[in-house]
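Q:
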Amino acid sequence: MAVKELEVKLISIPDNLLDVVYTACRTCYSPDGAIEIFDNITPDNEKKLNLIKRVISSGHYSTIEHIQLSFAINNVSRALTHQLVRHRHMSFSQKSQRYVKEKGEFDYITPLTIRHNPKLNEKFESLMTQIANTYQEFIEAGIKSEDARAILPNATASSMVASLNLRELIHIANLRLCTRAQLEIRILVQKMCDLVIEKEPWLSEHLVPKCVRLGYCDEDKSCGRMKPKNG
Ligand SMILES: Cc1cc2nc3c(=O)[nH]c(=O)nc-3n(C[C@H](O)[C@H](O)[C@H](O)COP(=O)(O)OP(=O)(O)OC[C@H]3O[C@@H](n4cnc5c(N)ncnc54)[C@H](O)[C@@H]3O)c2cc1C
Numbered sequence: 001m002a003v004k005e006l007e008v009k010l011i012s013i014p015d016n017l018l019d020v021v022y023t024a025c026r027t028c029y030s031p032d033g034a035i036e037i038f039d040n041i042t043p044d045n046e047k048k049l050n051l052i053k054r055v056i057s058s059g060h061y062s063t064i065e066h067i068q069l070s071f072a073i074n075n076v077s078r079a080l081t082h083q084l085v086r087h088r089h090m091s092f093s094q095k096s097q098r099y100v101k102e103k104g105e106f107d108y109i110t111p112l113t114i115r116h117n118p119k120l121n122e123k124f125e126s127l128m129t130q131i132a133n134t135y136q137e138f139i140e141a142g143i144k145s146e147d148a149r150a151i152l153p154n155a156t157a158s159s160m161v162a163s164l165n166l167r168e169l170i171h172i173a174n175l176r177l178c179t180r181a182q183l184e185i186r187i188l189v190q191k192m193c194d195l196v197i198e199k200e201p202w203l204s205e206h207l208v209p210k211c212v213r214l215g216y217c218d219e220d221k222s223c224g225r226m227k228p229k230n231g
């Protein structure tokens with residue numbers, strides 16, 4: 001049984017991301033056909049970005065739905081994945097708890113707040129050991145893993161490939177980078193955004209919590225980063 005650290009890798013992003021979005025934007029406003037626009041793109045990235053920024057800021061988001069991104073994610077809790085799969089414009093392939101038996105020991109994610117409290121951390125670990133032993137006992141008694149998993153905790157570590165388009169990533173960043181979101185998912189989404197921004201720095205102004213986009217906080221309880229909506 002081991003405590004694992006969250007890992008995420010950007011495994012797919014188009015090399016010509018800017019050209020694809022630019023073609024989508026220009027196609028809406030140009031007498032030329034989409035193919036001619038794409039075939040005649042020049043290397044002038046500043047020109048492309050000027051148009052793209054104007055189009056996105058006017059809310060014309062379909063233009064960024066053409067960009068598909070895939071991430072390989074290791075060592076996140078089932079509590080996190082349960083939240084992530086609520087996003088309906090994402091595609092997932094997740095480690096199965098039916099086909100992959102936890103062999104007596106299972107990896108789990110200890111929330112940082114518990115990890116930083118030695119006394120509670122000890123209690124947490126002892127409970128995980130107890131669960132692992134009982135799980136193993138069930139498997140040895142012939143219970144199928146699809147039923148034995150009923151006793152595995154939300155902390156059980158999982159792994160997945162998650163894919164989404166750029167519009168959805170921006171939406172998820174707006175929601176899940178908010179300090180009202182759970183810490184583990186916030187850390188994951190921040191890492192996903194950082195990996196994309198590393199390739200496409202112009203996206204840093206979009207991959208932000210919603211308050212930065214709105215200019216105010218629309219949550220009931222503000223963390224203080226931005227003034228409340230009616231404050
Ligand atoms: C801080 C926080 C706390 C939360 N707490 C809870 C909780 O206590 N309980 C709970 O159940 N959930 C909770 N959620 C989950 C939340 O309610 C959403 O289910 C989740 O964030 C997915 O967001 P979404 O629906 O905006 O986005 P997505 O599913 O990613 O969809 C993106 C956008 O597409 C559009 N869309 C997608 N599907 C439809 C549809 N069927 N009809 C119309 N428009 C659609 C919407 O505009 C939506 O915003 C919480 C989320 C956050 C960030």
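Each residue of the sequence shown is one higher than the last, beginning at 1 in our numbering.
Backbone N, C-alpha and C fix where the C-beta goes; we use that ideal spot for every residue, glycine too.
The structure displayed is predicted, hence computed values, not measured ones.
Pull up the CB-CB distance for L248 and I185, whole angstroms please, since I reckon it's below 8 Å.
A: Past the boundaries of the shown model lies residue 248; the chain is included only from 1 to 231, so the question cannot be answered.
Q: Given a cut-off of 8 Å on the beta-carbon distance, is the pair L164 and M90 in contact?
A: Contact: yes.
Q: Inspect the beta-carbon positions of N74 and I109 and report whether they are closer than 8 Å.
A: Cβ distance not < 8 Å, so N74 and I109 don't count as in contact.
Q: Assuming S158 is part of the beta strand (DSSP E), what are its boundary residues?
A: First-last of the beta strand (DSSP E) with S158: 157–165.
Q: Are A155 and K4 touching if we call contact CB-CB under 8 Å?
A: No. Outside cutoff.
Q: Identify the continuous alpha helix (DSSP H) that holds L10 and give its terminal residues.
A: Not the alpha helix (DSSP H): L10 falls in the beta strand (DSSP E), residues 7–12.
Q: Tell me, please, which residues DSSP counts as bridged to N74.
A: Beta-bridge pairing links N74 to E7, S159.
Q: Measure how close the beta-carbons of L51 and C28 come, nearest whole angstrom, since I'm counting them as under 8 Å.
A: Not quite, the Cβ-Cβ distance comes to about 10 Å (not below 8 Å), so this is no contact.
Q: Considering only C-alpha positions, which residue in the set M192, Y22, P201 is nearest to L84?
A: Per the Cα distances, M192.
Q: Using 8 Å as the cut-off, can you tell me whether the stretch 134–153 makes contact with the stretch 40–51, which would need three or more C-beta pairs spanning the two stretches below that distance?
A: Too few Cβ pairs lie closer than 8 Å, so no.
Q: Would you tell me roughly how many angstroms separate the C-alpha atoms of I34 and V212, rounded to the nearest one?
A: In the sequence as presented, Ile is not what sits at residue 34; that position holds Ala. For A34 and V212, the distance between alpha carbons rounds to 34 Å.
Q: For A211, verify whether its CB is less than 7 Å away from any heavy atom of ligand 1.
A: In the sequence as displayed, the identity of residue 211 is Cys instead of Ala. No - ligand 1 has no heavy atom lying nearer than 7 Å to the Cβ of C211.
Q: By Cβ distance, which residues of its chain are closer than 7 Å to Y22, with the 5 residues on each side in sequence left out?
A: So the qualifying residues of the chain are I41, K48, L51, I52.
Q: Once you ignore the five residues that flank Y61 on each side, which residues in its own chain have a CB closer than 7 Å to its CB?
A: Contacts found: R167.
Q: Using only the heavy atoms of ligand 1, determine whether one of them is closer than 7 Å to the beta carbon of A181.
A: Yes - ligand 1 has a heavy atom lying nearer than 7 Å to the Cβ of A181.
Q: Could you check how far apart the C-beta atoms of A148 and E105 are, in whole angstroms? I think they sit under 8 Å.
A: The pair is not a contact, with the Cβ atoms about 14 Å apart (cut-off 8 Å).
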